[in-house]
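If you read the protein sequences in the order shown, they are chains A and B.
In terms of UniProt numbering, the first sequence opens at residue 1 and continues consecutively.
In terms of UniProt numbering, the second sequence opens at residue 1 and continues consecutively.
Note that beta-carbon positions come from the ideal geometry of N, C-alpha and C, so glycine has one too.
All values reported here derive from a predicted model rather than from experimental measurement.
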Amino acid sequence: MRCWVRILLLALTFLAGSFSSQAQTVYFAAWGGSPAVNQYLQWAAEQLRSQGIVLKQVKVADIAEVVKAIQQGAGSDYDLLWLNGENFHALKAADALQPNLWQQLPEVTAALDKALPLQSDFGEAVDGFEVPWGIGQFIALSSNDEILAQPLTAERLLQLAQQYRGRLSYPKPPEFHGTTLLKQLLISLTDADPRLYQPASESAKQQLLPQLWRYLDKLHPLLWRQGQAFPSSYGEQIQWLANRQLDIAWSFNPNDIASLKRQGRLPATVERNYFAAGAITNAHYLAIPKAAAHPQAALTVIRFLLSHNAQQRKADPQYWGDPSVRNDLASATARLPSTKELHASWETALEQGWLARYQ
Amino acid sequence: MASALPIAVLLLLCLLPTASGLLGSLLAWPPALTVSDAWPQQLSLSLLQSLWVALASTTVALLLALLLARSGFIQRQGFLRHRWVAPLLSLPHVAFAIGLLMLVGDAGWLWRILPDSVSTWAMPNKSLTALITVLSIKEMPFLLLMLVSQRNLFAAEQWLAVATRLGYSTNQSYWLCVVPELLRRVRLPIAAVLIYGLAVVDVALLVGPNTPSTLAVRVYQWSLQQGELALAQTQLGSVLLIAAALLLLMLLYAAVEGYQFFATRRLRRGPPAAVPRFKGFSDKFISALWLILTAAVLLLLILQSVAFAWFYPQWWPQQFSWQAWQGIPQPWLLLGRTAVLALLTASLAVISVALISAWRQQLRARQRGIVDVLLLLPLLLPQISLVLGWRAWLPSGLASMIWAHCVFAEPYAFLVLIGPYQQLTPRWRWMLNSLGYGRWRTEWLLVRGKLMPALGFAWVIAFSVSVAQYLPTQLLAAGRFPTVTTEAVATASGGAASQTAAMALLQALLPLLAFVGYRLYDANVAKLGKGANADV
């Protein structure tokens, strides 16, 4: 009997130990949908251990979950966030983020690439509430020569869908790859109307969005399962592309292909393509919740993640392939012709409009 | 005094959780909703899909289980006597769903070895068909277990003997005499399967439809979104699910009564002149098919987890690699953490259920019925509604999570133990009492002498249930307590086939080990001739 009690006590200590936040544990809420990213963060955790910091990735399907939890008062559960756009706006508006990160990290700020539009996140001023971490560019993946032949436009995509019936699809919005394709199509259909880069007014929505819905009404019957079902995630469409169930998949990482091929997730024949108006390009950021339990340790983590070493490894297609934001690594990864992100307010309008019509 | 402890346990593990979960969900009613045009229609579609999934999967699973249990009642042997079946029974839902998709889903392995023309039979990804198939196959063994455990609890054999002497075929005797009584006796487990199908989230996220998703998945997704609208939608969906659960329970009771009515009327007409011979679709065939399917799923998961760059239409990998296994971060810590959580949960659940079961034996029949329903309440309500209700007032953390795991493991342990406890005749208690043993001492001697195998099996089931918990782990620990199950779901959504297969196997490992351990222990007990062998 005594032996059982001892085992039970041991078990409890073990559980409590693996749960409680130790002095230097940094809980990093980050999208967990990419093994390459997860492995990179594992490497970062190993590097940080020598500095006495235990970095733990809290894998989330969508950072919006965490943003919501923080707004409801769970801020102390997380020390570091990976976010941008809508989610940043929500937390900034709720005054839930640590201010003055740029001043607290002068060596990081000084090394940022001035050629990149890092001061504004989806049209909203960053104001030191978050620190840029990497660059995303929206691309298409395919092994079909026809699809790769020339840069994409909305018109061209419709043509391809007719030619390859049931072979194209995109992740179901509000999954962000799906939403970004909608933005990219909207830019193409409206010739990059300037109102897309302003807060979305009612009149602008009424004039611009119907063009997209009319287009999708034509496109969807030509898609995989006649547009009656969509891939749920980025990963799913990659897998289906590899297994020849789809001829196209979408990605926000311009150097994805190399790392996916290296992991044995895509056949060697897959190449990339992008939209003729330029690939939608945005930065993704790191931020610290105001209520974080270990803000100092979180700052140390940011300092490390933006160091030359860490950024170089991140940009290497062998590992993650996410372009660097440092000026001394600007040429490490080639960037595609780019176009700006829409203002964040369009995101909600697009998602809600899409869900009301097509789900 | 003696009954204070069981009552306290009952309150803590059954009444409190359901009441608080329900209140948490219902107090928010009515939600502040501004109804947009398209919304109600999609919502009813989600609801209909959920109801359909629950009804279809439960019906198929129950029919299969009844077919398989037939030989258990007719020939007093069932396929469960094969000792190697139980470990396959322990395969978690998520792991099984992942494997089944790889086997018969679009671009699945089966279609790679068969000619192109049959590949239209592929189970379509993201569809109701896929969800219903997975649930039917996975729920069948549980129902079978419940059916077979009734074997010695009523005079099925005599009924069969009388009916065959009256001129009914054994088959007719089984369906008309035994099955109505069986259905009445396993109503609660069937109800649990129904509600599970209605409210399942993890499997539906992986294989279910997404335009729109089933109601439970939409409630889960709304619960993760921000804003007033999402909050209102979560509340509305949560309450709708509870209402749907009540509807299904009423339907089930009506169906069981209806079947009994139909069977009785059919019996009154007397045996048919010519007995239709219907032997083709035998239970051996079904059990063989089921075993082959489960074994194929396991083998395919193993193969996929070590395959590198293996794509359709290759039927055999060109290259092999340990990359997927090596890529799992700290697998021992993950396994250890999950195992310790499940160990604690299973021990607490079995101890509390044993306490309640002992106390329950001393109650009158009507009171017993009430206790049974109370004990099973957590399974008769949609899990997501309960967990969301708790989240409204429970602090996120370890204690909440262990408690939630116990709440969901305890009913399953109870379902396993109820039969063995009923087989203990009161004679044993009187005898021991008259020998001068006190109440708790008597109970302890009975447990030691008679119930160890059953308790062991209940422990294994509770352990497996805890390992497979997704929602309580994810929602009550704020994502900060990754277990093999939460990691398996997360990895599966990442879409890397080999990593997903490796995680699915890791998830299946713990329940498998527990079952194997139990088998070894049980075989040992049987060999020594001590104790009653559990009926599995």
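- [ ] Measure from the alpha carbon of residue 337(A) to the alpha carbon of each residue in 166(A), 268(A), 310(A), 116(A), then state which is nearest.
- [x] 116(A)
Open item on the list: Alpha carbons only, please: which of 4(B), 523(B), 500(B) is nearest the one belonging to residue 298(B)?
Closed with: 500(B)
Task: Spatially closest choice to residue 121(A) from 103(A), 104(A), 88(A), 106(A), by CA coordinates - done: 88(A)
Open item on the list: With DSSP as the reference, identify every bridge partner of residue 271(A), one or two as the case may be.
Closed with: 142(A)
TODO: Name the residue from 77(A), 283(A), 328(A) whose alpha carbon lies nearest to the alpha carbon of residue 138(A).
DONE: 283(A)
TODO: Per DSSP, which residues does residue 82(A) bridge with? Please list them.
DONE: 286(A)
- [ ] Answer yes if the region 160–171 of chain A comes into contact with the region 271–286 of chain A, meaning at least three C-beta pairs across the two stretches below 8 Å, and no otherwise.
- [x] no
TODO: Could you list the residues in the region 231–253 of chain A with a C-beta less than 9 Å from some C-beta on chain B, going in chain order?
DONE: 231, 232, 233, 234, 235, 236, 237, 238, 239, 240, 242, 243, 244, 245
TODO: Give the residues from the region 189–222 of chain B that approach chain A closer than 7 Å (Cβ to any Cβ), ordered along the chain.
DONE: 209, 210, 211, 212
Open item on the list: When you compare the region 110–126 of chain B with the region 491–507 of chain B, are there three or more beta-carbon pairs, one atom per stretch, that lie closer than 8 Å?
Closed with: no
Open item on the list: Could you compute how far the alpha carbon of residue 188(B) sits from the alpha carbon of residue 267(B)?
Closed with: 26 Å
Open item on the list: Relative to the C-alpha of residue 470(B), which candidate in 206(B), 271(B), 176(B), 211(B) has its C-alpha closest?
Closed with: 206(B)
- [ ] Output yes if chain A places a C-beta closer than 7 Å to the C-beta of residue 494(B); else output no.
- [x] yes
Task: Under 9 Å by beta carbon: chain A residues contacting residue 73(B) - done: In chain order: nothing, as chain A lies at least about 39 Å away.
TODO: Using three-state DSSP, classify residue 152(A) as helix, strand or coil.
DONE: strand
- [ ] Could you have a look at residue 348(A) and say whether DSSP puts it in helix, strand or coil?
- [x] helix
Task: Span separating the alpha-carbon of residue 140(A) from that of residue 262(A) - done: 18 Å
TODO: Hey, could you find the ends of the alpha helix (DSSP H) residue 176(A) is sitting in?
DONE: 176–189
TODO: In angstroms with no decimal places, state the Cα-to-Cα distance between residue 325(B) and residue 7(A).
DONE: 30 Å
Open item on the list: Using the Cβ count rule (16 or more neighbours within 10 Å means buried), how would you classify residue 148(B)?
Closed with: buried
- [ ] Can you have a look at residue 158(B) and say buried or exposed, based on whether 16 or more other CB atoms are within 10 angstroms of its CB?
- [x] exposed
Task: DSSP-derived helix/strand/coil call for residue 435(B) - done: coil
Open item on the list: Quick check on residue 362(A): buried or exposed, where buried means 16 or more other Cβ atoms within 10 Å of its Cβ?
Closed with: Nothing about residue 362(A) can be read from this structure; chain A reaches only from 1 to 359.
Task: Contacting positions in the region 23–56 of chain A - beta carbon closer than 8 Å to chain B - done: 27, 29, 32, 33, 34, 35, 38, 39, 42, 56
Task: Element boundaries [alpha helix (DSSP H), containing residue 390(B)] - done: 383–391
TODO: Closer than 9 Å by beta-carbon distance: list the chain A residues that pair up with residue 540(B), in chain order.
DONE: With chain B running from 1 to 536 in the structure shown, residue 540(B) is simply not present.
Task: Assigned secondary structure, residue 239(A) (DSSP; H/G/I helix, E/B strand, else coil) - done: helix
Task: Any C-beta of chain B under 7 Å from that of residue 264(A) - done: yes
Task: Backbone CA spacing between residue 473(B) and residue 346(A) [nearest angstrom] - done: 34 Å
Open item on the list: Here's a check: name, in chain order, each residue in its chain whose Cβ is nearer than 7 Å to the Cβ of residue 307(B), leaving out the five neighbours to either side.
Closed with: 317, 320, 498
Task: With 16 other Cβ atoms within 10 Å as the buried cut-off, status of residue 339(A) - done: buried
Task: Contact list for residue 358(A) against chain B, beta-carbon separation under 9 Å - done: 211
Task: Unbroken alpha helix (DSSP H) run spanning residue 47(A), endpoints - done: 35–49
Open item on the list: Taking the alpha helix (DSSP H) that residue 302(A) belongs to, which residues open and close that run?
Closed with: 295–305
Task: Members of the region 408–433 of chain B near chain A, C-beta cut-off 7 Å - done: none
- [ ] Taking residue 345(B) and residue 466(B) to be in contact with their CB atoms under 8 Å, please state how far apart those CB atoms are, rounded to whole angstroms.
- [x] 4 Å
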